[in-house]
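Chains as they are written, first to last, in the UniProt record's numbering: chain A, 1 to 369; chain B, 1 to 377. Backbone N, C-alpha and C define an ideal beta-carbon position, used for all residues, glycine too. In what follows, a structure is listed as structure tokens, so that the remarks can point back to it.
Next up, the structure:
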């Protein structure tokens, strides 16, 4: 993509807003057809280009604009390449829920140019959500840019406001009954082509799909907290999910600059199926007096090179959330190896939910909210 | 010599890339100036960590790529956090041959993955002697703070006030990193320890941002601001080679030269921007620049002298602490604020009718210092 001043006949490789020579706005120019005017086969690996040999090609479009493009396919000088234009028409995306993840997902989507409709419960919660989203974006953009980005956010307090969305991401509380109710409601108001995705971290896509009129368009899309820093999205495929639905969601995740992984519907998917048993085992180790919580955290951090230990992470996630996911695993697999450790329930009973309540395994003092 | 155009970006954790930030600041400076980009004879670019953090060196040619077919001389200056005041100083030396010069400073510190910012910033210190012993940047300033506090019998409260005042000032600066952040003394007191006695709120943030100014040997308009003097000085970088651990000799030497050049004394200066990369360095600056005697800076803060309505308002933009510290842009952001104030264009944070303004910009732990004295016309 080039950004050109039509008056000064100058072009930039970066998305500049105005021409510094004349002050006029610039026009993005992208051709799909390029001619190969030079090519080199590279045999020396470098960071990000470990797989060799590869080709670097210098391409030129009709206007004489040049670009560099890597390929593994060999081209001859003079070959014409058709570069697929990226989807200019962005899908409209609905987000349900204004909790921790819901507002972060909405903020992230609008930063990446997706027109986004956020469904909230009331006008009051809408106000709070918009201010939260604005603050998140303002950290990364100027006020003018923030304001422009916020233009792509629409708020609705009624499911009918989501009717025209191409994809809806549900990020409500992690409770099957609540989520089924939502899936049922939206499938009644949305256009037939709307994909219904859930940000659930462990629940069954098939159970959710059963509440809708379109199980082939139901899918999991599990983001991680904090959304702007965690690069993974688990794309969870139900038994009825169609390939078209899967491909659409992978396309969106990739356009959002995140790494999609494909997971067949299964309790806890991949990340939580691995993580929660580890946290549970850490709590058992502590209960049995094998090691202190600090030393167990050190073991995982220094021995396995994780950035946080299991107790730190459990506190960060919230002990109530940890317990609820463990219970899903325990019930769904009916396997005693997932039985939640007693200490976890004890702490929750004492109101020690982790960082958010000021104390979990560790004490955090006053939490600014 | 005159400053006839200024421009900057918002400071903060921004989505824009290194070249995009640079371009935005240059464009804003050109739009502010009566000169066109084609009138510019040379560009000095100030950038500290483009190599280690962004994988980008030969940065002068990146600037050239942003100004297609201009093909003018462009040169990069790197003296750590003092890069942009030194770039300005060197540009001034070249005004005779190239009468219109742009100076642009930029840093992209967040969202980078090559090495950690802590390691990168530590490159401003003596790697072999100090850094290998774990003397990261906050630790070096922590040692200075400890010396200062024990020499003058001062508690951490004085440093908390510096942080608080800078954050309050930033709440009036829409381009500041922490424009939206409401900070209370309680939050400052509760903030986590970084290197004792310094807490998180004693430290300036990692910011992205750029600032640019255009200087000319001739006056261009009534909005010009005159540069009365620009001086730089250096000092040994390792604390082990210093006599005093409670002041920076480079600041003293460079500022004395500026005062000698112009006959200006500190009491005549209406507004100043000092290099508060850590709260302690704001105290040192006030003393080294001669606004009070050694050990008296906490009094100056307590009696309200440095507040926007005080005798010598300091860091009305929020300073490095709260406006932000995109290292290569910092010295020019200080100039941007002084020019804005001397022009009377600072809006809500405008101080009453300032005539003379001074900036103090230091590199590393006082290994380089650039001082600029400006006058409104």
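Buried or exposed: where does residue i fall if 16 or more other Cβ atoms within 10 Å of its Cβ makes it buried?
i              : result
residue 309(B) : exposed
residue 40(B)  : buried
residue 344(A) : buried
residue 244(A) : exposed
residue 22(A)  : exposed
residue 85(A)  : Annotation note: pLDDT 45 at residue 85(A) (below 50); position unreliable, coordinate value reported separately. Classification of residue 85(A): exposed, given that the 10 Å Cβ count is below 16.
residue 2(A)   : buried
residue 22(B)  : buried
residue 52(A)  : exposed
residue 61(B)  : exposed
residue 337(B) : buried
residue 89(B)  : buried
residue 226(A) : exposed
residue 268(B) : exposed
residue 27(B)  : buried
residue 324(A) : buried
residue 58(B)  : exposed
residue 331(A) : exposed
residue 104(A) : buried
Which same chain residues end up closer than 6 Å to residue i when comparing Cβ atoms and leaving out the 5 residues on each side of it in sequence?
i              : result
residue 256(A) : 112
residue 314(A) : 279, 322
residue 39(A)  : 55, 57, 75
residue 371(B) : 231, 254, 255, 258, 360
Between which residues of its own chain and residue i is the CB-CB distance below 7 Å, once the five residues before and five after are set aside?
i              : result
residue 325(B) : 204, 205, 207, 277
residue 176(A) : 203, 207
residue 359(A) : 352
Examine chain A for any beta-carbon lying closer than 8 Å to the beta-carbon of residue i, and answer yes or no.
i              : result
residue 102(B) : no
residue 324(B) : no
residue 109(B) : no
residue 31(B)  : yes
residue 149(B) : no
residue 348(B) : no
residue 37(B)  : yes
residue 23(B)  : yes
residue 1(B)   : no
residue 12(B)  : yes
residue 113(B) : no
residue 26(B)  : yes
residue 174(B) : yes
Comparing C-alpha positions only, which one of the options sits nearest to residue i?
i              : options                        : result
residue 297(A) : 288(A), 174(A), 308(A)         : 308(A)
residue 34(A)  : 83(A), 6(A), 51(A)             : 83(A)
residue 224(A) : 218(A), 253(A), 11(A), 334(A)  : 253(A)
residue 323(B) : 6(B), 11(B), 251(B)            : 11(B)
residue 187(B) : 195(B), 341(B), 196(B), 200(B) : 200(B)
residue 311(B) : 292(B), 317(B), 329(B), 321(B) : 292(B)
residue 33(B)  : 221(B), 251(B), 330(B)         : 221(B)
residue 258(B) : 36(B), 63(B), 360(B)           : 360(B)
residue 37(A)  : 64(A), 262(A), 355(A), 133(A)  : 64(A)
residue 81(B)  : 36(B), 109(B), 268(B)          : 109(B)
residue 358(B) : 369(B), 343(B), 214(B), 335(B) : 335(B)
residue 149(B) : 281(B), 307(B), 346(B)         : 281(B)
residue 110(A) : 124(A), 228(A), 160(A)         : 228(A)
residue 195(B) : 139(B), 241(B), 176(B), 167(B) : 139(B)
residue 241(A) : 126(A), 13(A), 264(A)          : 264(A)
To which residues of the same chain is residue i closer than 8 Å at the C-beta, ignoring the five residues directly before and after it?
i              : result
residue 96(B)  : 217
residue 18(A)  : 24, 25, 26
residue 352(B) : 309
residue 68(A)  : 56, 57, 58, 59
residue 77(A)  : 36, 37, 38, 39
residue 348(A) : 319, 320, 323
At the 8 Å Cβ level, is residue i part of the contact set with chain B, yes or no?
i              : result
residue 87(A)  : Summary for residue 87(A): the model assigns pLDDT 43, below 50, so the residue's position carries little reliability; its value from the coordinates is reported in the next sentence. False, the Cβ-Cβ gap to chain B never drops below 8 Å.
residue 165(A) : no
residue 300(A) : no
residue 1(A)   : no
residue 56(A)  : no
residue 223(A) : no
residue 15(A)  : yes
residue 142(A) : yes
* **Secondary structure, alpha helix (DSSP H): runs of 4+ residues fully inside the segment 42-129 of chain B** => Segments of the alpha helix (DSSP H) lying fully in the segment 42-129 of chain B: 50-54, 59-66, 83-93, 117-121.
* Contiguous beta strand (DSSP E) assignments of at least 3 residues, all confined to the segment 224-274 of chain B -> Listed in chain order, the complete beta strand (DSSP E) runs (minimum 3 residues) inside the segment 224-274 of chain B are 225-234, 271-273.
* Considering only residues of the segment 192-236 of chain A, which uninterrupted beta strand (DSSP E) runs meet the minimum length of 3 residues and lie entirely inside it, listed in chain order? -> The qualifying runs are 195-198, 218-222.
* To do: Would you mind listing the alpha helix (DSSP H) stretches within the segment 256-343 of chain A that are 4+ residues and don't spill past its ends, in chain order?
  => Counting whole runs of 4 or more residues, the segment 256-343 of chain A contains the alpha helix (DSSP H) stretches 271-287, 293-298, 310-317, 319-333.
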